[in-house]
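Chemist: Respectively, the protein sequence lines represent chains A and B. Mapping the first sequence onto the numbering used here, position 192 (from 1) lands on 192, and the numbers just tick up by one. Mapping the second sequence onto the numbering used here, position 99 (from 1) lands on 99, and the numbers just tick up by one. Next up is a structure, given as structure tokens.
2 protein chains.
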Amino acid sequence: LNFQFFDFRTDTQNNNQTNIDLDRGYLFGDGFFTTAIIQDGKINHQPLHQQRLNDSSIKLKFSGFKPEQLFEYIDDKIKTISNACVRITVSRAQQMRGYAFSGNEKINVCIQLFSLIEQPKSFCELFFADTPISNNPFLAGIKHLNRLDNVFAAKEIKKINQESLMCIDDLVICGSRTNLFIKQGGVWLTPKLDKAGINGITRLRLIKLMREQDINIRLRDISKQQVIDCDAALVTNSLLGIWSVCRIGDKPLATKLSENLKYQLNIKR
Amino acid sequence: LNFQFFDFRTDTQNNNQTNIDLDRGYLFGDGFFTTAIIQDGKINHQPLHQQRLNDSSIKLKFSGFKPEQLFEYIDDKIKTISNACVRITVSRAQQMRGYAFSGNEKINVCIQLFSLIEQPKSFCELFFADTPISNNPFLAGIKHLNRLDNVFAAKEIKKINQESLMCIDDLVICGSRTNLFIKQGGVWLTPKLDKAGINGITRLRLIKLMREQDINIRLRDISKQQVIDCDAALVTNSLLGIWSVCRIGDKPLATKLSENLKYQLNIKR
């Protein structure tokens with residue numbers, strides 16, 4: 001065990017509260033993040049990542065958050081980097097004891113660079129995770145820091161080409177680190193994300209491109225049986241791009257329709 | 001904005017991954033905690049807090065967690081402290097990128113001392129929070145670090161003697177920082193916590209004492225209307241002890257029955 005010890009008790013001489021300089025991201029998961037690819041000194045799809053961070057800051061009441069200042073800082077840091085992954089985490093400093101926040105807290109930004117991960121060489125095998133996804137309509141869609149459900153759904157994955165599907169009872173929401181699209185009767189469907197899940201950047205791009213190209217795409221409630229019975233499936237995120245599904249549980253699935261869509265849209269991660 | 005920048009890219013010369021020494025408590029809320037009172041150099045109800053931390057470590061697969069080592073460290077740190085609050089947070093270090101963990105991660109323990117908060121002088125006014133509680137049967141009961149729902153339910157509180165009630169649709173689960181007990185037709189009821197909520201130390205103590213003294217106490221699904229119609233109510237946590245409720249929304253509530261129970265059980269925080 002690696003110990004840290006802080007004494008924040010009031011200085012009774014001056015009756016001043018010691019500044020509680022711990023991060024609420026750590027204490028409560030009070031913050032949000034995005035993960036992107038850096039190529040040739042720039043963040044891929046930067047306006048979408050900036051929009052996501054700004055939307056998250058509004059929803060979670062980070063009133064002092066300045067996305068322009070953030071990207072000015074990052075742009076300078078990454079201008080000589082040819083390729084990498086980046087995670088940008090935004091959280092609040094702790095100002096007082098307890099769950100509530102004042103809204104005047106200092107905002108902490110943590111930027112982590114990682115080596116660029118390769119796109120998977122084999123197709124994706126899906127299975128239904130035992131770990132349920134947390135159902136909370138207020139938090140649904142946001143890439144916030146409360147991700148224990150993703151942690152345990154991802155922990156269920158045993159092979160590099162697997163992804164686990166997270167559900168609320170019979171309702172399928174997303175993969176442990178991806179969004180889900182299935183094709184059924186000539187129509188593409190993707191879960192609505194009104195109860196849980198993250199509204200991914202690649203999901204947004206895919207929906208926009210499909211609508212522009214008059215490909216039928218609908219946001220729907222999707223049951224486990226609908227996933228099992230689908231004609232094609234793919235999962236998406238900013239690091240993987242589009243990943244075609246070749247198996248759902250015990251059942252093999254043809255990748256022709258999902259690969260066709262991928263080439264038709266010519267979507268790069 | 002307060003920036004931190006980390007470059008974890010692989011050293012391409014040696015093909016070694018740089019050690020990713022960030023905390024998963026911060027990255028994902030991957031950890032758990034407890035909050036207790038210190039009196040005369042000792043943690044009140046220490047065995048129950050130790051049991052909670054141990055149970056959480058098992059549920060969240062912190063296989064290297066050693067509660068004895070933790071309390072040996074703390075006991076030494078607090079032996080001269082006459083009174084304080086303490087928060088003990090246990091989290092995993094990050095070993096690899098992404099949600100999944102290996103199980104071999106270093107375990108971080110953060111101990112924070114605060115000045116002892118006074119027990120409230122006035123009775124508690126309850127209202128139903130607009131913020132829903134996150135519904136996840138796997139995580140229910142555990143005092144884990146994914147507490148954004150508590151953060152926003154607590155943020156709805158405008159007065160020092162208020163507590164907000166967190167619900168799943170019509171089902172009442174708990175207060176933003178407390179457990180709930182209501183009395184109805186001579187029987188005390190408390191929510192089951194099989195979908196959400198924290199199984200509080202004071203809740204456990206109360207249930208045990210009531211059973212020992214043959215006071216009728218049942219763990220049940222409780223609706224909003226049942227709370228509104230109750231004959232008495234109280235909320236509990238380790239810092240507040242038992243807090244009698246004098247109002248639910250617009251409706252005043254007599255505190256006689258809850259205060260009677262408090263004195264009968266002679267429960268101290």
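Just so you know, even glycine gets a beta-carbon here, dropped at the ideal spot from N, CA and C. None of these values were measured; they are calculated from a predicted model.
Who pairs with residue 35 of chain B in a beta bridge, going by DSSP?
Modeler: According to DSSP, which records beta bridges pairwise, residue 35 of chain B is partnered with B:87.
Chemist: Between residue 252 of chain A and the rest of its own chain, which residues show a CB-CB distance below 7 Å, the 5 nearest in sequence each way excluded?
Modeler: For residue 252 of chain A, where only same-chain residues beyond five positions count, the Cβ hits under 7 Å are 246.
Chemist: Spatial neighbours of residue 262 of chain B within its chain, please: CB distance less than 6 Å, with the 5 preceding and 5 following residues excluded, ordered by chain position.
Modeler: Once the five neighbours on either side are set aside, the close Cβ partners of residue 262 of chain B are 242.
Chemist: On the DSSP letters alone, give me the boundaries of the alpha helix (DSSP H) that residue 47 of chain B sits inside.
Modeler: Where residue 47 of chain B is concerned, the enclosing alpha helix (DSSP H) stretches over 46-59.
Chemist: Could you check how far apart the C-beta atoms of residue 165 of chain B and residue 190 of chain B are, in whole angstroms? I think they sit under 8 Å.
Modeler: About 13 Å separates the two Cβ atoms, so there is no contact after all.
Chemist: Decide if the segment 136-148 of chain A is in contact with the segment 202-220 of chain A; the criterion is three or more beta carbon pairs, one per stretch, under 8 Å apart.
Modeler: Contact fails: fewer than three Cβ-Cβ distances are below 8 Å.
Chemist: Please report how far the alpha carbon of residue 284 of chain B lies from the alpha carbon of residue 85 of chain A, in whole angstroms.
Modeler: Any property of residue 284 of chain B remains undetermined from this structure, which presents chain B solely from 1 to 269.
Chemist: Measuring only the C-alpha atoms, how far is residue 13 of chain A from residue 240 of chain B?
Modeler: Residue placement at residue 13 of chain A is poorly supported in this model, since its pLDDT is 46, which falls under 50; the coordinates are not used for a value here.
Chemist: If we count the other Cβ atoms within 10 Å of its Cβ and call it buried at 16 or more, is residue 163 of chain A buried or exposed?
Modeler: Flag for residue 163 of chain A reads buried.
Chemist: Kindly say whether residue 158 of chain B, judged by its beta-carbon, lies nearer than 7 Å to any beta-carbon of chain A.
Modeler: With 7 Å as the cut-off, residue 158 of chain B does not count as an interface residue toward chain A.
Chemist: Taking the CB atoms as reference points, tell me whether residue 227 of chain B and residue 178 of chain B lie closer together than 7 Å.
Modeler: No, the Cβ-Cβ distance between residue 227 of chain B and residue 178 of chain B is not below 7 Å.
Chemist: Is the segment 152-162 of chain B touching the segment 207-219 of chain B, taking contact as three or more C-beta pairs under 8 Å?
Modeler: The segment 152-162 of chain B, when compared against the segment 207-219 of chain B, does not touch it at the 8 Å Cβ threshold.
Chemist: By how many angstroms is the C-alpha of residue 215 of chain B removed from the C-alpha of residue 63 of chain A?
Modeler: Those two C-alpha atoms are separated by around 49 Å.
Chemist: Residue 106 of chain B and residue 2 of chain A: beta carbons closer than 7 Å?
Modeler: Yes; because the gap between Cβ atoms is below 7 Å, this pair is in contact.
Chemist: Less than 7 Å between the C-beta atoms of residue 142 of chain A and residue 59 of chain A, yes or no?
Modeler: Yes, the pair counts as a contact, with Cβ atoms nearer than the cut-off.
Chemist: DSSP on residue 93 of chain B, reduced to helix/strand/coil?
Modeler: Here residue 93 of chain B sits in strand by DSSP.
Chemist: Given residue 65 of chain A, which residues of its chain have a CB within under 8 Å of its CB, disregarding the five upstream and five downstream residues?
Modeler: Here the set comprises 53, 54, 57, 90, 107.
Chemist: Are the C-beta atoms of residue 49 of chain A and some chain B residue less than 7 Å apart?
Modeler: Chain B, which has no Cβ nearer than 7 Å to the Cβ of residue 49 of chain A, makes this no.
Chemist: Along chain A, which residues have their Cβ under 8 Å away from the Cβ of residue 111 of chain B?
Modeler: Those are 3, 4, 5, 6, listed as they occur along chain A.
Chemist: May I ask which residues mark the beginning and end of the beta strand (DSSP E) holding residue 5 of chain B?
Modeler: Unbroken beta strand (DSSP E) run through residue 5 of chain B: 2-7.
Chemist: Can you give the Cα-Cα distance for residue 17 of chain B and residue 7 of chain B, rounded to whole angstroms?
Modeler: Reliability fails at residue 17 of chain B, whose pLDDT of 46 lies under 50, so the model's placement of it is uncertain and no value is given.
Chemist: Taking residue 176 of chain B as the query, report the chain A residues whose CB atoms sit under 9 Å from its CB, ordered along the chain.
Modeler: Per Cβ cutoff of 9 Å: 99, 100.
Chemist: Threshold first: 3 residues or longer. Then list the beta strand (DSSP E) segments lying entirely within the segment 142-185 of chain A, N to C.
Modeler: Fully enclosed beta strand (DSSP E) runs of 3 or longer: 162-168, 171-175, 179-184.
Chemist: Considering only residues of the same chain and omitting the five flanking positions on each side of residue 24 of chain B, which have a CB-CB separation below 8 Å?
Modeler: Hits under 8 Å: 30, 31, 91, 92, 93, 94, 101, 105.
Chemist: Does any residue of chain A bring its CB to less than 7 Å from the CB of residue 26 of chain B?
Modeler: Chain A contact via Cβ: present.
Chemist: Can you tell me the Cβ-Cβ gap for residue 176 of chain B and residue 99 of chain A, rounded? I've got them flagged as a contact below 8 Å.
Modeler: 6 Å between Cβ atoms; contact.
Chemist: Can you tell me which residues form a DSSP beta bridge with residue 237 of chain B?
Modeler: Looking at the DSSP assignment, residue 237 of chain B forms a beta bridge with B:241.
Chemist: Would you report the Cα separation of residue 140 of chain A and residue 73 of chain A, rounded to the nearest angstrom?
Modeler: Taking the straight line joining both Cα atoms gives about 29 Å.
Chemist: From the DSSP output, in three-state form, read off residue 260 of chain A for me.
Modeler: Helix at residue 260 of chain A.
Chemist: Should residue 56 of chain A be flagged as near chain B, meaning a C-beta pair shorter than 7 Å?
Modeler: For residue 56 of chain A, the answer is no, since every Cβ of chain B falls outside 7 Å of its Cβ.
Chemist: Does residue 62 of chain A get closer than 7 Å to chain B when you measure Cβ to Cβ?
Modeler: Not closer than 7 Å to any Cβ of chain B, the Cβ of residue 62 of chain A fails to qualify, so no.
Chemist: From which residue to which residue does the alpha helix (DSSP H) around residue 69 of chain A run?
Modeler: Unbroken alpha helix (DSSP H) run through residue 69 of chain A: 67-78.
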